[in-house]
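Read top to bottom, the protein sequences are chains A and B.
For what it's worth, the numbering used here labels the leading residue of the first sequence as 877, then goes sequentially.
For what it's worth, the numbering used here labels the leading residue of the second sequence as 47, then goes sequentially.
C-beta atoms are modelled at their ideal positions from N, C-alpha and C, and glycine is treated no differently.
Just so we're clear, the structure is a prediction, and the values are computed from it rather than from any experiment.
Notes follow the structure.
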Amino acid sequence: DAGITQSPRHKVTETGTPVTLRCHQTENHRYMYWYRQDPGHGLRLIHYSYGVKDTDKGEVSDGYSVSRSKTEDFLLTLESATSSQTSVYFCAISEYQGDYGYTFGSGTRLTVV
Amino acid sequence: EDQVTQSPEALRLQEGESSSLNCSYTVSGLRGLFWYRQDPGKGPEFLFTLYSAGEEKEKERLKATLTKKESFLHITAPKPEDSATYLCAVTGSGNTGKLIFGQGTTLQVKP
């Protein structure tokens, strides 16, 4: 989607290293979300943000941290990557509290070896 | 606990063979039910939002319906380009706008 960009698109990293994924939006939406998608589990919420410097945990937040210093950027950090964090990560944005659905980015495929 | 269950997990159809995908949900105070389409290697793409039982939405060969416990995505005379994974999600009054997703139904339409 042109209004939301994730980077990098693919990354391979070693166990124990820190990794940061970036989500950038040009829609000026208030709400931003990080999900991970795994076979057999579907999309699961990691963290979300409801404004600059306002963030909260989702259902699978252990091992992840986030930051949002500007409306347009939402960063997801894996402090010390583990093989269980190998996944596809999606960022999503919404103008309201999700009542009208989300717009998703194209995803980041992360492999931890 | 809010929960979404989709069935079947996978569905194979011949081109032109109509069928339905099911999404059963349990949520406190439904605020919206959403259908997304996801192609391999891409992010989910929004299809429909339904807000109350009895509501229906249509788009080309797709029609979504909603009851108090489940939603159906009806696919009429599907074409190979309809092949994708279809995701259902809900948001309720108890989860402050966060979407809870089902595991999806992967549809393959053969020519």
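- B:Arg58: member of the beta strand (DSSP E) spanning 56-60, first to last residue.
- Note that the C-beta distance between A:Val928 and A:Thr958 is not below 8 Å.
- Taking C-beta separations shorter than 6 Å and ignoring five residues to either side along the sequence, the partners of B:Glu102 in its chain run Thr111, following chain order.
- Cβ-Cβ distances below 6 Å link B:Phe94 to Trp81, Lys103, Ala110 in the same chain, with the five nearest sequence neighbours on each side left out; the list follows chain order.
- Neighbours of A:Gly927 in chain B, taken as residues at a C-beta separation under 7 Å, are lacking, since the least C-beta distance is about 13 Å.
- Around the CB of B:Gln154, fewer than 16 other CB atoms lie within 10 Å, so the residue is classed as exposed.
- Around the beta carbon of A:His923, 16 or more other beta carbons sit within 10 angstroms, so the residue counts as buried.
- The beta carbons of A:Leu951 and A:Arg898 sit about 6 Å from each other, so the pair counts as a contact at 8 Å.
- For A:Ser883, the enclosing beta strand (DSSP E) starts and ends at 880-883.
- For B:Asp128, the secondary structure class from DSSP, reduced to helix, strand or coil, is helix.
- Taking C-alpha positions only, B:Glu61 is separated from B:Arg77 by approximately 35 Å.
- Taking CB atoms only, A:Ser982 has a neighbour in chain B less than 8 Å away.
- In the three-state reduction of the DSSP assignment, B:Ser74 falls in the coil class.
- Chain A has a Cβ within less than 8 Å of the Cβ of B:Gly148.
- Between the alpha carbons of B:Asn68 and A:Thr893 lies a gap of roughly 41 Å.
- Shown here, B:Gln52 sits in a strand according to DSSP, grouped into three states.
- Taking every protein chain shown into account, the CB of B:Lys144 has 16 or more other CB atoms within 10 angstroms, so this residue is buried.
- In this structure, DSSP gives A:Ser959 a helical state, which the three-state scheme calls helix.
- Beta-bridge partners of A:Leu952 (DSSP): A:Leu897, A:Val942.
- A:Val989 sits in coil when the DSSP states are folded into three classes, being neither helix nor strand.
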